[in-house]
Amino acid sequence: MRKHGLKTAVVLCMDVGLTMSNSAPGEESSFELAKKVIQKFVQRQVFSETKIELALVLFGTDSTDNPLSQDGQYQNIRVHRHLRIPDCELLIEIENQVQPESKEGDWLDALVVCMDLLHTETKGKKYDCLNIALLTDLNTQTNEESLEVIINNLTQSGITMQFFLPFPVEEDKEGQGDSERRDPGHPGTGKGLSREQKKNMELVKEMMLSLDVEDGLDEIHTFRNAIEELCMFKRVERRPVAWPCQLTIGSSLSIRIVGYKAVTDEKPKKMWITVDAQSHQKDDVKRETVYCLDDDNETEVQKDDIIQGFRYGSDIVPFSKVDQEQMKYKHDGKCFAVLGFTKQSAVIHRHQFMGSQILKIFAARDDEHAGVALSALIRALNELQMVAIVRYAYNRTSNPQVGAAFPCIKQDSECLMYVQLPFMEDLRHFTFPSLENKKFTPSDAQLSAVDSLIDSMMLVEEDENGEQRDLFKPHRIPNPAFQRHFQCLHHRAVSPGTPLPPIEPWLKAALDRPEVITERCQDPLDVLKRKFPLTEVEKKKKLKTSAQIFEESEAKKVKEDEAEEYNLANIAEGSVTSVRIRGRQLTHRIEQLLSNKNTQYYMKSITCIQAFREQSVKLANAEHYNSYLQSLKGSIPNRGLEVFWELLVQGMICLFT
Amino acid sequence: KASLGDFFTSMTTESTRSPSSIGDYKITGRDSLVFLVDASKEMFIKGEDGEPSNFDMTMQVVRTVYTSKIISSDKDLVALVFYGTEESKNPRNSFKHVYVYHDLSEPGAKRVQEVDALRGEKGAKLAAETIGSGETSLGDALWCCANLYSDIKLRLSHKRLMIFTCRDEPHGGDSVKDRQARTKASDLKETGVVIDLMHLMKPGGFDISLFFCDIVSPPEDESELGLQLQPSDKLEDLLKRVRAKELKKRALARLNLCLGEGINVAVGIYATAVAARKPGSIKLYRETNEPVRSKTRTFHTQTGSLLLPSEIKKAQYYGGKEIVMERDEVDAIKKFDDPGLFLIGFKPMEKLKLHHHIRPAVFLYPEEDEVKGSSCLFSALLKKCSERNVFALCRFISRRNYPPRFVALLPQNEELDEGKVQITPPGFNVIYLPFADDFRTLDPPQFPSASQTQVDKMKEIVSKLRFKYRSEGFENPVIQQHFRNLEALALDMMAPEEIEDLIMPKVDQIDQRLGPLVQEFKDLVYPAYYNPESKPAAKRKTGGAEKKPKVELTEDELKAHVQNNTLVKLTVPVLKDACKQFGVRTTGTKKQELIDALIARLRS
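Those sequence lines, one after another, are chains A and B.
The numbers in UniProt numbering rise by one with no breaks, and the one at position 351 of the first sequence is 351.
The numbers in UniProt numbering rise by one with no breaks, and the one at position 47 of the second sequence is 47.
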């Protein structure tokens with residue numbers, strides 16, 4: 001990866017000639033693999049919007065189109081695209097126009113065309129990196145006399161080379177058998193190389209070793225490895241922005257520092273815009289927001305007639321922007337001020353880290369004194385196992401935070417790591433029932449089942465050399481959301497009108513449990529399954545019928561009647577003599593009960609009504625009972641007691657039939 | 001009547017909930033809390049040494065809960081009811097000696113003020129005048145509260161009632177009243193109301209077994225030691241107890257933790273730390289101050305006709321091309337799998353790096369109601385992870401159409417304080433882990449390390465400024481100020497109450513504690529001429545006052561730039577210097593203005 005702000009020019013030079021299409025049955029041909037490498041590479045450049053300039057040269061083509069072709073020289077080489085920033089057009093062209101052709105092209109000739117292209121098209125401009133990537137199976141006749149001149153030329157103009165081949169490079173000649181053992185995945189190796197391929201391989205090696213690059217042979221890749229590496233879109237890179245400030249301790253001790261975001265929840269750079277479905281133009285679509293009163297007519301209100309307000313609990317307080325600006329909390333702007341120091345163990349409640357970032361704080365660049373002063377602080381904190389609690393404000397308009405600055409000492413650098421801590425208002429102290437509960441306490445057998453599961457699923461293990469190996473590192477995985485996003489964009493750009501492709505297998509695999517673990521944990525999981533019965537609870541979401549409620553309540557009532565006599569009993573069985581008086585007390589109680597719109601209370605009301613009825617029957621005087629029931633029935637709709645009435649009717653039927 | 005246009009208009013009410021509150025009330029209903037406070041004479045007895053009375057303390061707690069509800073859950077309903085009063089005030093006035101001071105509704109500024117009025121010496125006087133102390137019938141009081149609940153037309157999801165009293169025998173042994181109270185309490189509990197007792201100190205101790213043990217709701221599980229709590233005699237204790245109960249835990253999501261094929265543990269996800277924000281503003285109609293609704297519609301620029309969802313697509317611009325997708329495709333791209341947690345494996349705790357932090361953590365607790373047996377397996381997993389000091393690494397999809405993240409499940413054991421109040425609940429903390437994209441490549445400046453003498457001096461400074469950090473120790477000054485302002489406006493106060501900015505360094509105290517240490521440290525690390533306060537430009541390592549050499553342009557060079565149209569390439573300072581040099585007067589400072597002025601001068 002090159003540094004920012006530097007200009008890079010790359011020529012992709014691909015062999016599309018006759019032999020590239022050869023493949024063993026069931027295997028992808030060299031052509032297909034090479035095309036994939038190019039596609040992935042260009043895709044990556046387009047969607048990461050780098051400013052790398054790219055050209056595409058094909059050789060082995062049926063036609064010839066290049067500036068050097070003359071008198072039968074430099075034949076079957078076509079400059080497909082001149083040096084330019086890659087775009088979707090190029091992706092489409094590669095998809096549709098780069099096809100296997102039937103001629104043979106000299107890869108050294110093609111290389112010369114590429115060098116010439118780089119030379120003429122970068123002339124007068126400054127580039128920091130010129131690169132040619134050559135993709136071929138090396139299965140062509142070559143004019144090797146020019147090799148030396150080419151090497152000299154490459155060295156002089158500072159052009160670097162990369163080769164992408166169907167087979168790996170042998171580092172020494174005895175390694176022949178070795179390659180067969182280790183590489184069933186590379187077609188061509190197993191069958192042995194042709195005479196041309198062997199000869200050309202020597203030329204490639206000679207070239208790469210004579211160029212002034214360390215480990216030149218490392219720049220010879222196989223198609224497959226390249227695809228794997230290129231599969232992952234380059235991670236979204238952002239230029240770190242320096243935040244110069246002063247760390248202060250009290251009024252008279254300050255250290256010049258500079259802060260950088262080191263870890264942050266990176267969001268996609270671009271938002272979706274809304275376009276018209278027909279024209280695909282965003283200008284054809286307009287969104288408009290109108291305001292209206294919450295009345296029946298939805299009376300529209302003009303923007304000018306709208307003021308700002310805030311909710312204060314149940315109140316709405318009009319609060320103009322001007323007033324708000326004037327009255328709001330103000331502070332002195334950017335700061336990194338120490339409030340005090342505290343033990344690290346008191347703060348490392350990982351779950352109380354707030355915000356979405358980690359800042360790294362260094363001493364100001366080129367200020368050695370600040371460097372020493374900050375180093376003293378970092379080391380002091382480290383030795384005491386303490387952290388600084390600081391007030392941090394990014395600038396005058398941003399809200400100040402409280403946070404912790406941890407010492408961080410690495411081999412080549414020292415810094416403070418800042419993370420935001422919660423405010424009192426942010427914390428929710430929930431209490432949860434203890435799990436130390438007889439019902440849930442796992443047995444020893446259950447615990448040991450979990451133990452063996454953990455054993456089988458440890459992702460960090462020591463190999464035979466005592467070195468730790470981590471089988472799964474999330475921080476090395478590119479964000480799958482971005483990968484998938486760009487995969488779909490690429491697909492839509494080159495094949496519009498077709499459905500989106502499935503998630504790429506490599507991505508699925510990267511997100512999954514490592515295969516070794518899956519195998520290892522199978523038995524412990526089976527044991528676990530047997531030891532811990534898990535049953536999904538069926539959701540009863542169906543509404544109960546009133547009859548069901550009645551039955552349930554009846555059952556409950558019996559219990560209640562035993563356990564407690566509610567006041568009704570006193571009234572119903574007391575020494576009151578006249579039905580009229582009882583009736584009045586009962587109806588009063590019924591009304592009291594009905595003020596609770598709740599089945600329980602309904603049931604009690606019904607019991608009262610039943611008691612009323614029984615008393616009336618007993619004394620052969622139904623007048624009061626009947627008139628009360630009439631008036632109650634009349635008032636049902638007004639009081640919203642339909643449910644109660646239904647229950648009453650049902651209940652009477654249930655009890656008297 | 002709704003027109004076709006309205007049908008396709010996405011309507012949003014402006015009065016959306018503040019983002020700091022969690023959970024969807026539309027689905028689950030509102031939370032409610034009733035403070036049922038004893039107003040008997042005993043409550044007003046002041047402690048020795050002028051300690052505030054139990055009543056005073058209770059009002060302080062009620063006020064704190066009111067204001068915190070306003071800030072963090074302003075849709076919750078709260079009521080304040082007194083019992084054992086002389087006066088009576090309740091909806092149908094059917095209950096004597098019960099005084100509904102605030103019925104169930106959202107707390108507002110006025111209510112805060114009204115509770116304030118009951119605090120302190122003056123408050124006791126006001127209480128004596130307005131509510132007084134009289135007979136006690138807890139049964140009537142509970143019944144009255146039941147009516148408060150049933151009068152609410154909104155759907156209530158969580159109903160809690162807290163009784164504040166210092167009398168363990170409120171009816172003085174009247175068994176009829178005791179029985180009535182028990183009956184009412186059980187009626188309430190049957191309707192889903194949770195009754196808590198916040199018992200306060202009284203001489204001779206508070207004996208729950210005399211009466212209240214039959215009133216309060218049984219603890220959430222058998223092992224909870226709720227009833228053995230000591231009565232509160234300190235405000236902080238009481239506040240802590242109320243706080244612990246007052247907030248309903250609301251799961252962000254309920255999903256499965258999948259350990260392997262067919263082994264699904266049901267878990268709830270809870271947000272225990274959410275950045276509280278200033279709530280958004282509401283748009284009001286100027287004339288009436290009533291909130292307005294906003295309607296957003298999408299229409300075709302040329303034809304002016306409203307666009308149906310099917311007439312809209314989404315696009316992104318890359319590599320010179322508009323790449324267009326259907327709206328459902330945009331969602332589909334983000335979908336990897338159904339929501340859930342999938343166990344990848346385990347790692348030793350030291351593999352979790354301090355700086356692998358991208359967003360606040362959430363909390364995991366089993367949901368026995370969804371999958372029976374979850375609690376047992378969860379408990380075993382928690383126990384073993386904790387014992388072996390490992391964390392579980394999981395792939396986590398939190399909602400539908402959300403891309404996956406990896407998370408670390410950190411075991412957390414239950415902790416209780418001396419008063420048996422839970423400080424940390426048992427469960428897993430879920431730490432979000434960064435992907436490769438979330439790291440930025442830095443080029444750290446390199447410096448020599450400090451010497452041991454220098455480090456030791458700093459250690460002295462650090463030790464002098466040691467304090468005990470508490471996570472609840474810092475209020476957010478921005479939010480506090482905002483609400484004080486609103487309070488002042490809502491209550492027509494002259495000026496908002498002053499806030500104390502707790503995250504401001506106490507510079508004077510620090511200076512005083514450090515004394516000569518600062519100078520001693522500076523002498524060790526800074527040379528005499530060095531001033532870290534000065535502007536960076538003036539203190540290059542060279543130390544001198546030399547400025548960047550000026551890039552002076554000759555007239556010819558400038559003319560060439562004008563001719564080749566390359567003035568744009570020059571920087572603003574250079575252009576400004578050029579203007580000065582050639583006596584061009586410019587009013588503007590924008591680059592284009594400078595260029596235009598130069599061109600005008602040199603062409604003439």
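Glycine included, C-beta positions come from ideal geometry on N, C-alpha and C.
Small disclaimer: the values here were computed from a predicted structure and weren't measured.
Problem - Ala-348(B) - containing beta strand (DSSP E), residue span - result: Taking the first residue of the second sequence as 1, we reach residue 348(B) at position 348. The amino acid occupying residue 348(B) in the given sequence is Pro; Ala does not appear at that position. Per DSSP, Pro-348(B) belongs to the beta strand (DSSP E) from 340-348.
Practice task
Would you decide whether Ser-605(A) is buried or exposed? Buried here means 16 or more other CB atoms lie within 10 Å of its CB.
Solution key: Here residue 605(A) refers to the residue found at position 605 of the first sequence. Ser-605(A) comes out buried.
Practice task
Closer than 9 Å by beta-carbon distance: list the chain A residues that pair up with Glu-414(B), in chain order.
Solution key: Residue 414(B) sits at position 414 when you count from the first residue of the second sequence. Result: Phe-432, Ser-434, Leu-435 and Glu-436.
Problem - Distance, Asp-367(A) Cα to Gln-278(A) Cα - result: Within the first sequence, residue 278(A) is the residue found at index 278, counting from 1. Within the first sequence, residue 367(A) is the residue found at index 367, counting from 1. Between the alpha carbons of Gln-278(A) and Asp-367(A) lies a distance of about 60 Å.
Handout entry: Cutoff 7 Å; reference Cys-376(B); Cβ partners in own chain excluding five residues on either side
Key = For this step, residue 376(B) is matched to residue 376 along the second sequence. Listed in chain order, the non-local C-beta contacts of Cys-376(B) below 7 Å within the same chain number zero, local neighbours out to five positions each way being set aside.
Problem - Any chain A beta carbon closer than 8 Å to Ser-375(B) - result: Within the second sequence, residue 375(B) is the residue found at index 375, counting from 1. For Ser-375(B), the answer is yes, since a Cβ of chain A falls inside 8 Å of its Cβ.
Exercise for the section: Using three-state DSSP, classify Thr-183(B) as helix, strand or coil. Expected result: Against the second sequence, residue 183(B) aligns to sequence position 183. Three-state result, Thr-183(B): helix.
Practice task
Taking Leu-459(A) and Phe-346(B) to be in contact with their CB atoms under 8 Å, please state how far apart those CB atoms are, rounded to whole angstroms.
Solution key: For the purposes of this step, residue 459(A) is taken as the residue at position 459 of the first sequence. For the purposes of this step, residue 346(B) is taken as the residue at position 346 of the second sequence. Approximately 7 Å separates the beta-carbon atoms of Leu-459(A) and Phe-346(B); this is inside 8 Å, confirming the contact.
Handout entry: Where Ile-131(B) falls: helix, strand or coil (DSSP)
Key = Taking the first residue of the second sequence as 1, we reach residue 131(B) at position 131. Of the three classes helix, strand and coil, the one that applies to Ile-131(B) here is coil, per DSSP.
Exercise for the section: Answer yes or no: do Tyr-402(B) and Lys-334(B) have a C-beta to C-beta separation smaller than 8 Å? Expected result: To locate residue 402(B), count along the second sequence from 1; it is residue 402. To locate residue 334(B), count along the second sequence from 1; it is residue 334. Less than 8 Å separates the beta-carbon of Tyr-402(B) from that of Lys-334(B).
Exercise for the section: Apply the 10 Å Cβ neighbour rule to Gln-70(A) and answer buried if 16 or more other Cβ atoms are within range, or exposed otherwise. Expected result: The residue you call residue 70(A) lines up with position 70 of the first sequence. Exposed: under 16 other Cβ atoms inside 10 Å.
Practice task
Please list, in chain order, all residues of the same chain as Phe-310(A) whose beta carbon is under 7 Å from its beta carbon, the five residues on each side excluded.
Solution key: To locate residue 310(A), count along the first sequence from 1; it is residue 310. Leaving aside the five residues that flank Phe-310(A) on each side, the residues in its chain whose CB is nearer than 7 Å to its CB run, in chain order, Val-317 and Phe-319.
Exercise for the section: Determine the extent of the alpha helix (DSSP H) in which Trp-143(B) is found, giving its start and end residues. Expected result: On the second sequence, position 143 is the one that residue 143(B) refers to. For Trp-143(B), the enclosing alpha helix (DSSP H) starts and ends at 138-151.
Exercise for the section: Go to Val-421(B), then tell me how far its alpha helix (DSSP H) extends in each direction, as first and last residue. Expected result: For the purposes of this step, residue 421(B) is identified with residue 421 of the second sequence, where counting begins at 1. Where Val-421(B) is concerned, there is no enclosing alpha helix (DSSP H), because DSSP gives it neither an H nor an E.
Handout entry: Boundaries (first-last residue) of the alpha helix (DSSP H) holding Ala-445(A)
Key = Within the first sequence, residue 445(A) is the residue found at index 445, counting from 1. Unbroken alpha helix (DSSP H) run through Ala-445(A): 444-456.
Exercise for the section: With distances taken Cα to Cα, identify the nearest neighbour of Pro-480(A) among Pro-67(A), Gln-411(A) and Ala-510(A). Expected result: Along the first sequence, one-based indexing puts residue 480(A) at 480. Measuring from the Cα of Pro-480(A), the nearest candidate turns out to be Ala-510(A).
Practice task
Put Glu-216(A) into one of helix, strand or coil per three-state DSSP.
Solution key: As a working note, residue 216(A) is residue 216 in the first sequence. Reading the sequence as shown, one finds Gly at residue 216(A) and not Glu. Three-state DSSP puts Gly-216(A) in a helix.
Handout entry: Below-8 Å beta-carbon distance, Cys-292(A) vs any chain B residue
Key = Position 292 of the first sequence, counted from the first residue, corresponds to residue 292(A). At least one C-beta of chain B is nearer than 8 Å to the C-beta of Cys-292(A).
Handout entry: Inter-residue spacing [alpha-carbon to alpha-carbon] between Ala-273(B) and Gln-592(A)
Key = Within the second sequence, numbered from 1, the residue matching residue 273(B) stands at position 273. Within the first sequence, numbered from 1, the residue matching residue 592(A) stands at position 592. Distance between the alpha carbons of Ala-273(B) and Gln-592(A): 44 Å.
Handout entry: Ser-94(B) at chain A interface by Cβ criterion, 8 Å
Key = The residue you call residue 94(B) lines up with position 94 of the second sequence. Taking Cβ atoms only, chain A reaches closer than 8 Å to Ser-94(B), which makes this a yes.
Exercise for the section: For my contact list, Asp-56(B) and Phe-164(B) are in at a C-beta cut-off of 8 Å; report their separation, rounded to the angstrom. Expected result: The residue you call residue 56(B) lines up with position 56 of the second sequence. The residue you call residue 164(B) lines up with position 164 of the second sequence. With a Cβ gap of about 11 Å, Asp-56(B) and Phe-164(B) do not count as contacting.
Exercise for the section: From the DSSP output, in three-state form, read off Trp-243(A) for me. Expected result: Here residue 243(A) refers to the residue found at position 243 of the first sequence. Judged by DSSP in its simplified three-state form, Trp-243(A) adopts strand.
Exercise for the section: Evaluate contact between the region 339-355 of chain A and the region 298-307 of chain A, counting only Cβ atoms and requiring at least three cross-stretch pairs below 8 Å. Expected result: Using a Cβ-Cβ distance cut-off of 8 Å, the region 339-355 of chain A and the region 298-307 of chain A are not in contact, since fewer than three pairs of beta carbons, one from each stretch, lie closer than that value.
Practice task
Quick one: using the 10 Å Cβ neighbour count with 16 as the cut-off for buried, is Leu-209(A) buried or exposed?
Solution key: Start at 1 with the first residue of the first sequence, and residue 209(A) comes out as number 209. Counting the other CB atoms within 10 Å of its CB gives Leu-209(A) a total below 16, which places it among the exposed residues.
Handout entry: Pair within 8 Å by beta-carbon distance, Leu-83(A) and Glu-145(A)
Key = In the first sequence, the residue the question calls residue 83(A) occupies position 83. In the first sequence, the residue the question calls residue 145(A) occupies position 145. One thing to note: Leu-83(A) has its Cβ no nearer than 8 Å to the Cβ of Glu-145(A).
Problem - Cα-Cα separation, residue 694(A) to Thr-274(A) - result: Residue 694(A) cannot be examined here, being either before or after the span of chain A that is shown, 1 to 657.
Exercise for the section: Would you check whether the ligand FAD has a heavy atom nearer than 7 Å to the C-beta of Arg-379(A)? Expected result: As presented, the structure is devoid of all ligands, the ligand FAD included, so that no description of it is given.
Handout entry: Burial state of residue 686(A), where buried means 16 or more other Cβ atoms lie within 10 Å
Key = The requested residue 686(A) does not occur in the structure, where chain A is confined to residues 1 to 657.
Handout entry: 8 Å Cβ cutoff, Thr-274(A) in contact with chain B
Key = Reading the first sequence from its first residue, position 274 is the one you call residue 274(A). Closer than 8 Å to some Cβ of chain B, the Cβ of Thr-274(A) qualifies, so yes.
Problem - Expected contact under 8 Å - CB spacing of Ala-266(B) and Ser-374(B) to nearest Å - result: Working through the second sequence from its first residue, we reach residue 266(B) at position 266. Working through the second sequence from its first residue, we reach residue 374(B) at position 374. So it is a contact: roughly 5 Å between Cβ atoms.
Practice task
Can you say whether Phe-467(B) is buried or exposed, counting buried as having 16 or more other CB atoms within 10 angstroms of its CB?
Solution key: Locating residue 467(B) in the second sequence gives position 467, counting from the first residue. Exposed is the call here.
Exercise for the section: Round the Cβ separation of Met-54(A) and Val-37(A) to the nearest angstrom and send it over; I've been treating them as touching at under 8 Å. Expected result: Here residue 54(A) refers to the residue found at position 54 when the first sequence is read from its first residue. Here residue 37(A) refers to the residue found at position 37 when the first sequence is read from its first residue. Correcting the residue type first, residue 54(A) is Leu in the shown sequence and not Met. That pair is no contact at about 14 Å.
Practice task
Run down chain B in chain order and give the residues with a C-beta less than 7 Å from the C-beta of Asp-451(A).
Solution key: Locating residue 451(A) in the first sequence gives position 451, where the first residue counts as 1. Residues of chain B passing the Cβ test: Lys-384.
Exercise for the section: May I have the straight-line CA-CA distance separating Leu-647(A) from Tyr-149(B), to the nearest angstrom? Expected result: The sequence position of residue 647(A) within the first sequence is 647, counting from 1. The sequence position of residue 149(B) within the second sequence is 149, counting from 1. The alpha-carbon atoms of Leu-647(A) and Tyr-149(B) are separated by roughly 22 Å.
Problem - Closer than 7 Å at the beta carbon, the chain B residues around Pro-533(A) - result: Here residue 533(A) is taken as the residue at index 533 of the first sequence, counted from 1. By Cβ distance, chain B contributes Gly-373.
Practice task
Could you have a look at Gly-355(A) and say whether DSSP puts it in helix, strand or coil?
Solution key: The sequence position of residue 355(A) within the first sequence is 355, counting from 1. In the structure shown, Gly-355(A) adopts extended strand secondary structure according to DSSP, grouped into three states.
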